[in-house]
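**Q**
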Amino acid sequence: MKDNIIIGTWPLSGDFGAVGRDQVSETLERSVSSGLTSFDTAPNYGSGSMEAKLGEMLPRNPAITIHTKIGNRPSGGKSFAIKDMEDSINQSIERLGTTRLGYVFLHNPRSEIEDYSIVHEMFDRMEEEEIIFGRGLSCARNIAYEDLTDLSEFDVVQDDHNLLRSSPYAGDYRYRFLARSPLASGLLGGHITPKTKFETIDHRSGWLTGERLSALCAQVEAIRHVNPDIPLPSLARRAVIDDPGVSAIITGVRRPEHIDQLIADEQFSLSLSDIERLRSSAQEALTGMENMSY
Numbered sequence: 690m691k692d693n694i695i696i697g698t699w700p701l702s703g704d705f706g707a708v709g710r711d712q713v714s715e716t717l718e719r720s721v722s723s724g725l726t727s728f729d730t731a732p733n734y735g736s737g738s739m740e741a742k743l744g745e746m747l748p749r750n751p752a753i754t755i756h757t758k759i760g761n762r763p764s765g766g767k768s769f770a771i772k773d774m775e776d777s778i779n780q781s782i783e784r785l786g787t788t789r790l791g792y793v794f795l796h797n798p799r800s801e802i803e804d805y806s807i808v809h810e811m812f813d814r815m816e817e818e819e820i821i822f823g824r825g826l827s828c829a830r831n832i833a834y835e836d837l838t839d840l841s842e843f844d845v846v847q848d849d850h851n852l853l854r855s856s857p858y859a860g861d862y863r864y865r866f867l868a869r870s871p872l873a874s875g876l877l878g879g880h881i882t883p884k885t886k887f888e889t890i891d892h893r894s895g896w897l898t899g900e901r902l903s904a905l906c907a908q909v910e911a912i913r914h915v916n917p918d919i920p921l922p923s924l925a926r927r928a929v930i931d932d933p934g935v936s937a938i939i940t941g942v943r944r945p946e947h948i949d950q951l952i953a954d955e956q957f958s959l960s961l962s963d964i965e966r967l968r969s970s971a972q973e974a975l976t977g978m979e980n981m982s983y
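As structure tokens, this is what we get:
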């Protein structure tokens, strides 16, 4: 199962709230020592500090693979201009202290890219020069990418895909599909309630509130009751890992014990009928409140 898990580093970056340097180091070290050596990051995670931290680990852990993104600047703002994306790749290489990146993803483009063929020409050059291993697309919400570009030109596509939301890009075997946010922004972590208040710095403070938060928590409880003997986060992760339309998951971690939980998930698996029952229970709980969906 370890080959199917990519560690997401956004929660460690401090962008959800402060995380101590020792905690970041201990969590990353626990991941590597547990055999989880593939990481997903971006230049804007912690304003570049997350890439730098991963770079500190590379010299003594050569088996690590780091996938990053282009389009979001460390200091804020977005740009998908070719020169800016090339500069971003070179800056990531410098922060990571490496000569070659794993997959490089376009970071949630919306209407910024008018001609994807030019972007693929850039990727072609980067691959030929062995600067990157492959090209990817990180999907933004509610964008019909199939109307904008040929998705088969990407090696890998990542999108939110979990028990509260099914990605339209899962199960398309023209590319590898990576399921991002298997715990649905923490909702399936089991600790968020209708009374939860998020820090202002936390992106969830802008949309996970009020009636929507209550509706989503009702869905979470419906899922929990289907298999009450299995910890909710483990249930949610296995439902994505065992989904035949998923190549691998990108799951964020914040503490060393989160790595231990991922390893413990290997002790069981879910059938397709199990997954369908969980999804069905979640949808039934949202009946009449579909506009509040994740």
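Just so you know, we're using the numbering used here here: the sequence shown kicks off at 690 and counts up by one. Glycine is no exception: its CB is placed at the ideal position from the N, C-alpha and C atoms. Keep in mind it's a predicted model, so treat the numbers as computed, not measured.
1) So D839 and R865 are supposed to be a Cβ contact under 8 Å. How far apart are they, rounded?
2) Measuring CB to CB, does L897 end up less than 8 Å from S870?
3) Quick one: is G941 buried, meaning 16 or more other Cβ sit within 10 Å of its Cβ, or exposed?
4) Is it buried or exposed, P857, if we count other Cβ atoms within 10 angstroms and call 16 or more buried?
5) Please give the ranges of any beta strand (DSSP E) in the segment 864-930, keeping only runs that are unbroken, at least 3 residues long and fully inside the region.
6) May I have the straight-line CA-CA distance separating I912 from F887, to the nearest angstrom?
7) Secondary structure at F794, three-state DSSP: helix, strand or coil?
8) Quick check: the Cα distance between S768 and P883, rounded to an integer number of angstroms?
9) For the segment 824-866, which segments carrying the beta strand (DSSP E) assignment without a break, of at least 3 residues, lie completely within its bounds, in sequence order?
10) Closest by CA to S827, which one among L924, V793 and E842?
11) Taking the continuous alpha helix (DSSP H) assigned at T716, which residues delimit it?
12) So, for S777: in the same chain, excluding its five sequence neighbours on each side, which residues have a beta-carbon less than 7 Å away from its beta-carbon?
13) Under a three-way DSSP split, which group does S764 fall into?
14) Closest to I820 by C-alpha separation, out of G786, N831 and I802, would be which residue?
15) Please tell me whether T889 and L902 are closer than 8 Å, where the distance is taken between their beta carbons.
16) Within the segment 937-981, note down every full alpha helix (DSSP H) run reaching 4 residues or more, in order along the chain.
17) For the segment 701-709 against the segment 732-751, do three or more pairs of beta-carbon atoms, one drawn from each stretch, fall closer than 8 Å, so that the two count as touching?
18) Bridge partners for H756 per DSSP, in chain order?
19) Evaluate N797 with the Cβ neighbour count: other Cβ atoms within 10 Å of its Cβ, from every protein chain shown; 16 or more gives buried, anything less gives exposed.
20) A904 and M981 look like a contact to me (Cβ under 8 Å); what is the Cβ gap, rounded to whole Å?
21) As a quick exercise: from A752, R749, V929 and F957, pick the residue whose alpha carbon is nearest that of L872.
22) With C-beta atoms as the reference, is L867 less than 8 Å away from I939?
**A** The short version:
1) In fact, because the Cβ distance is near 16 Å, the residues do not count as touching under 8 Å.
2) Going by C-beta atoms, L897 is not nearer than 8 Å to S870.
3) With 16 or more Cβ atoms within 10 Å of its Cβ, G941 is classed as buried.
4) So P857 ends up on the exposed side.
5) Within the segment 864-930, the complete beta strand (DSSP E) runs of at least 3 residues fall at 865-869.
6) Spanning the two alpha carbons is a distance of roughly 23 Å.
7) In the structure shown, the three-state DSSP call for F794 is strand.
8) Between the alpha carbons of S768 and P883 lies a distance of about 37 Å.
9) Inside the segment 824-866, DSSP marks whole beta strand (DSSP E) runs of 3 or more residues at positions 845-849, from first to last along the chain.
10) The shortest Cα separation from S827 among L924, V793 and E842 belongs to V793.
11) Per DSSP, T716 belongs to the alpha helix (DSSP H) from R710 to S722.
12) Closer than 7 Å at Cβ, skipping near neighbours: P732 and I759.
13) Looking at S764 - three-state DSSP - the assignment turns out to be coil, as it is neither helix nor strand.
14) The shortest Cα separation from I820 among G786, N831 and I802 belongs to G786.
15) Against a cut-off of 8 Å, the Cβ pair of L902 and T889 comes out as no contact.
16) Uninterrupted alpha helix (DSSP H) stretches at least 4 residues long and entirely within the segment 937-981 occur at 945-953 and 961-974, given in chain order.
17) Judged by Cβ distances under 8 Å, the segment 701-709 makes contact with the segment 732-751, as three or more pairs qualify.
18) D729.
19) Counting C-beta atoms within 10 angstroms of its own C-beta, N797 has 16 or more neighbours from the protein chains shown and is therefore classed as buried.
20) Confirmed, Cβ separation roughly 4 Å.
21) For L872, the closest C-alpha among the options A752, R749, V929 and F957 is that of V929.
22) Yes, the pair counts as a contact, with Cβ atoms nearer than the cut-off.
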